[in-house]
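Only one structure is covered here, and it is reproduced in the block below.
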Amino acid sequence: MRFVAIPTLWMLLAPAAAPAAWAQQPSQRQQQPGPTPDVALPKPAAPGQQAAPIAVGDQYVIGPQDTLMITVIDESDLTAKYRVDTDGSITLPYLGRMPAAGLSVEELRKRITTGLQNGWIRNPQVLVGIEQYKARSVVVTGAVRAPQKVTLTGLTMTLLEALALAGSPTSEAANEVIVVHPAKPYEKEPQAITVNRKDLELGKAGMDVVLQDGDIINVPVAKKFWVSGYVKNQGAYVYDSGMTVAQALILAGGLSERGSDRRVTIKREIKGKIAEVSARLEDKVQPNDEIVVGSRLF
């Protein structure tokens, strides 16, 4: 008796399954992620799409003696470390001498990119970073508990942090803080910024003030006015710009039992002489005014 070999099931199905497996292989290869690039280049925003926000580090204002790391992709003769000279300039191949101090990292990157596009490189990809920071500081003066030079730590320091390191404003401080930025190489005069101190402490203002090396932060001594007469708390009070007579009386605790809001006068210096003028509740108070509240007739 002879036995005839019968093909097993897998042998019969193999030819039919092979084309299906071969068809799946290309799609599987396409789904495999490619290698991660060492440097992620910024992609331009599509039409109608907002560009990505600038990172906080790109807002850092470059100063003299900072060391910059400038990278131009595929341009080894441009990629190097550059130290900002004392005059605020750096020297780049092709572009020569150009200002850097007083510019933010992002502003310098754009200037280098624009310069290289003008006849040197068609589509330059430029990256700018800070390799080493110069020791930076600001001076806090005026009505604070510990006026001093404050060292800036890290990339940025907020205005509120600088005031806290100087002991915070005293009770004699005005309701404003003045920040004076040093003049940049292309500016003739320093730039002064005034911030409302109450709004600053509440987080409503001053968040966009970027402190720079050499800044002067001044907290002026408050201007004052006085309230006397038939009020609950006579005395001197801190003047706030735009304050009305009604608001001043509220600070003084309001009228006493015999006080009259119809008999309010203000003693004010006019042309070097003290004059007493009648006042309404909606009138504006001026520094050094004395608000006098008279008594009721009955």
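Under the working numbering, the residue at position 259 of the sequence shown is numbered 266, and the numbers go up by one with no gaps.
By construction, the Cβ of each residue, glycine as well, lies at the ideal position given by its N, Cα and C atoms.
{"Asked": "Name the two residues that bound the continuous alpha helix (DSSP H) containing residue 123.", "Found": "112 to 124"}
{"Asked": "Ends of the beta strand (DSSP E) at residue 268?", "Found": "266 to 277"}
{"Asked": "For residue 79 and residue 89, I'd like the C-alpha separation in whole angstroms.", "Found": "13 Å"}
{"Asked": "Tell whether a beta-carbon distance below 8 Å holds between residue 307 and residue 76.", "Found": "Past the edges of the chain, shown from 8 to 305, lies residue 307, and the structure says nothing about it."}
{"Asked": "Nearest to residue 221 by CA position, among 215, 191, 244 and 246, is which residue?", "Found": "191"}
{"Asked": "For a quick check, are the C-beta atoms of residue 266 and residue 237 less than 8 Å apart?", "Found": "yes"}
{"Asked": "Per the contact definition of three or more C-beta pairs closer than 8 Å, is the region 244 to 259 in contact with the region 286 to 305?", "Found": "yes"}
{"Asked": "DSSP on residue 293, reduced to helix/strand/coil?", "Found": "coil"}
{"Asked": "Does the beta-carbon distance from residue 335 to residue 226 come in below 8 Å?", "Found": "Residue 335 lies beyond the stretch modelled for the chain, which goes from 8 to 305, so this question has no answer here."}
{"Asked": "In the DSSP assignment, the alpha helix (DSSP H) including residue 245 goes from what residue to what residue?", "Found": "Per DSSP, residue 245 belongs to no alpha helix (DSSP H); it is in the beta strand (DSSP E), 242 to 245."}
{"Asked": "With a threshold of 8 Å on Cβ separation, who are the neighbours of residue 228 within its own chain once the five nearest residues in sequence on each side are excluded?", "Found": "149, 150, 179, 180 and 181"}
{"Asked": "By the three-class DSSP mapping on this structure, what secondary structure does residue 257 have?", "Found": "helix"}
{"Asked": "Once the 5 residues before and after residue 71 are set aside, which same chain residues still bring their CB inside 8 Å of it?", "Found": "91, 92, 93, 94, 95, 108 and 141"}
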